[in-house]
Amino acid sequence: MSLDDVIRENWATRFGFILAAVGSAVGLGNIWRFPFQVGQEGGAAFLLIYLLFILIIGLPAMLVEFSIGRRTELSPVGALREFGGDAWKYIGGLFMLIAFLIMSYYSVVAGWVVRYFVGSLTGGYAEDPEAYFLTVAAGTDALLFHAIFMAATIAIVALGVQRGIELAAKAMVPALVVLMVAVAVYAATLPGAGEAYAYYLSPDFGVIADDWQSIIPSAAGQAFFTLSLGMGIMITYASYLAEDRNLAEDSAIIIGLDTGIAFLAGLVVFPILFAATIGPADPGAGAIFVALAGAFAEIRFGLVLGAVFFFAFALGALTSAISLMEVVVSTVIDEFGVDRIPATLAIGGGMFVLGAPVALDGDLVLIDLYDQLAAEILLVTGSILLMVLVAWIAHDRALDEIQRGVGDIGSLGQIWIWLVRVPVLLALIATLVLAIMGYYEFLTGPFAEWLAG
Ligand code: TRP
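Okay, here's the thing in structure tokens:
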């Protein structure tokens, strides 16, 4: 049984579709990557630009993917061929490459989450949260938990038992929200909370003026990453959709939930880091882990809470990881006629190998090497291509599709097409240029130093 069969059954209800899309969207992007980017890019200034991007680029981009998927009822390679002509199918190759790359380090970070679940049971991180992160983030521990997480994803994708996982994930989103609200309330009582909120919530326009060249590509990359956009996952999900659904409304629900969960993560992380007098950017990729471990070590029954939290978090990462691996596996099955189990083993094994250097790098430089390339350059490129296709080549069909289930939306549809056609595309192309410049700086700066040892 493939994901296709499972999804075809599930999508009978609107709730099933939204649930699966939310399962893919909500993951490490919200709880790990979001506060990490906010810390790196200077706080509220980043938050403001990020929210703007979600609204003016994330929403139209999601509609683009939904309209392609529902119109063609095909997965990305076939959908692009039908919508754009034969040459467009090669973009499917780009999508697979992106999924392969993202999953390789996604699994390393998800391995940290599983490690912290175990750490909650043993109390391992209570002593010194910052030092603990450094010991588990790279080395044999990290490699072992990377292997465990990858093996779990392989097992689920190979055996096609996604449905059980999707059901478990139903409990994951509410559990995460409840626990995060609880920890955020605790964090609000800490000394330094006021200063943290100022950092997180009140934008300093001077920071935007100084750092826009790195804030803009980070914010765009984060928007695509967290919404699972830019590589055709949402095309696939919408291809199983019944026709009488309001795509714009569904997008708004998915985006609202995803953004809300990320926002909460910031309310948790920054007060705790400020209370511990750790700078918001200092722990970098470890921000959420250091902050949460510090909090759980202090609160009554904190380690129990921690165990539940990291379990729910790992489940969230798993539902996203399944979507990443499944794109590659199903395309390889369809295009090359390989059986599901060997295909999954080979692909998952390859992803593990590609991620292994990240798990062994104690300087946390390789994770930036992979992550910046994937989120800021490749996802943005993927989205630009999809938008060109919908807004410039197949706009009539896309517009027609958006209106199905809604009725005539009058000039709103034209506005959407024109928004995507010019301002959104121009903004994304500018973003891509900034991202490439930033990546070049990273390659010739921190990465070159790292290589030189
Ligand atoms: N959105 C997921 C998260 O926030 C990660 C993810 C799953 C993803 N599928 C994707 C990111 C496709 C980009 C593209 O954790």
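For the sequence shown, the positions run 659 to 1111 when the numbering used here is used. For each residue, glycine too, the CB sits at the ideal point set by N, CA and C. Every value quoted in this text rests on a predicted model; they were computed, and no experiment measured them.
For the alpha helix (DSSP H) containing residue i, list its first residue and its last residue.
i     : result
E699  : No alpha helix (DSSP H) contains E699, which DSSP labels as neither H nor E.
S876  : 863 to 884
I712  : Neither: I712 is in no alpha helix (DSSP H) and is coded neither H nor E.
T894  : 891 to 896
V1091 : 1083 to 1100
V987  : 960 to 994
L931  : 905 to 933
R1055 : 1053 to 1061
S765  : 749 to 780
I1005 : 998 to 1018
G1040 : 1037 to 1046
Y858  : 851 to 859
S1069 : 1069 to 1077
P734  : 734 to 742
Y783  : Careful: Y783 lies outside any alpha helix (DSSP H) and carries neither H nor E.
Nearest to residue i by CA position, among the options, is which residue?
i     : options                   : result
Y708  : G751, G918, V794, L732    : G918
G727  : E1059, A1088, I1094       : E1059
F694  : A949, V772, L1077         : A949
F675  : I893, W746, G879          : I893
Y783  : P832, A951, A923          : A951
A768  : A757, A805, A789          : A805
I712  : G914, I1042, V836, Q1030  : G914
T1089 : A813, T1039, L1003, T811  : T1039
F723  : S897, A800, A789          : The sequence shown places Glu at residue 723, rather than the Phe named in the question. That would be S897, whose Cα lies nearest to the Cα of E723.
V1082 : L1101, L802, A745, L710   : L710
I1051 : D1029, L931, R1079, G1063 : R1079
G1045 : P1104, I715, T730, A842   : For the record, residue 1045 in the displayed sequence is Met; it is not Gly. When only C-alpha atoms are compared, the closest one is I715.
L1003 : Y748, E1099, T811         : T811
D1019 : A829, A845, R729, T793    : T793
L825  : Y895, G974, Q871, V1016   : G974
V772  : I946, F971, I756          : F971
G944  : F758, Y748, Y774, L677    : Y774
A1112 : A955, P832, Y790          : With the chain running from 659 to 1111 in the structure shown, residue 1112 is simply not present.
G960  : V841, I980, V831, K828    : V841
A1085 : Q871, T847, Y1028         : Q871
T847  : G1013, S876, A1001, A953  : A953
I1049 : I1075, I1025, E1034       : The sequence given here has Ala at residue 1049, not Ile. Here the closest residue by C-alpha is I1075.
L899  : V684, R1062, F1105, F704  : R1062
V735  : Y748, D1021, E1099        : Y748
A1032 : L817, F1105, I760         : I760
G942  : I756, V819, I1025         : I1025
Counting C-beta neighbours from all protein chains within 10 Å, is the total for residue i 16 or more, i.e. buried, or is it exposed?
i     : result
I1073 : exposed
T780  : exposed
L706  : buried
V926  : buried
M1095 : exposed
E667  : With a pLDDT of 45 at E667, under the threshold of 50, the predicted position of this residue should be treated as unreliable, and no value is reported.
R958  : exposed
G852  : exposed
I911  : exposed
I1087 : exposed
M659  : Unreliable placement is indicated for M659, whose pLDDT of 37 sits below 50; no coordinate value is reported for it.
D908  : buried
M673  : Position check: residue 673 holds Phe in this sequence, whereas Met was assumed. F673 should be labelled exposed.
F994  : exposed
V985  : buried
P938  : buried
L1109 : exposed
P849  : exposed
Q880  : buried
L1092 : buried
L1037 : buried
P832  : exposed
G777  : buried
G1103 : exposed
D997  : exposed
V987  : buried
F1016 : Here residue 1016 turns out to be Val, not Phe, going by the sequence shown. V1016 should be labelled buried.
T730  : buried
P875  : buried
V664  : Reliability fails at V664, whose pLDDT of 44 lies under 50, so the model's placement of it is uncertain and the value that follows must be treated cautiously. Per the 10 Å Cβ criterion, buried.
A789  : exposed
Y1098 : exposed
Could one say the Cβ of residue i lies closer than 8 Å to chain C's Cβ atoms, at least one of them?
i    : result
Q698 : The structure shown has no chain C; it contains just one protein chain.
For the region 699 to 707 against the region 852 to 869, do three or more pairs of beta-carbon atoms, one drawn from each stretch, fall closer than 8 Å, so that the two count as touching?
yes
Within 8 Å, do at least three Cβ pairs link the region 710 to 725 to the region 884 to 893?
yes
Contact the region 1054 to 1071 vs the region 686 to 693: 3+ CB pairs below 8 Å
Taking a contact to require three or more Cβ pairs closer than 8 Å, the region 1054 to 1071 and the region 686 to 693 do not qualify as touching.
Any contact between the region 854 to 861 and the region 928 to 944? By contact I mean 3 or more CB pairs, one from each, below 8 Å.
yes
Examine the Cβ distances between the region 1008 to 1017 and the region 757 to 773 and report whether three or more of them are shorter than 8 Å.
yes
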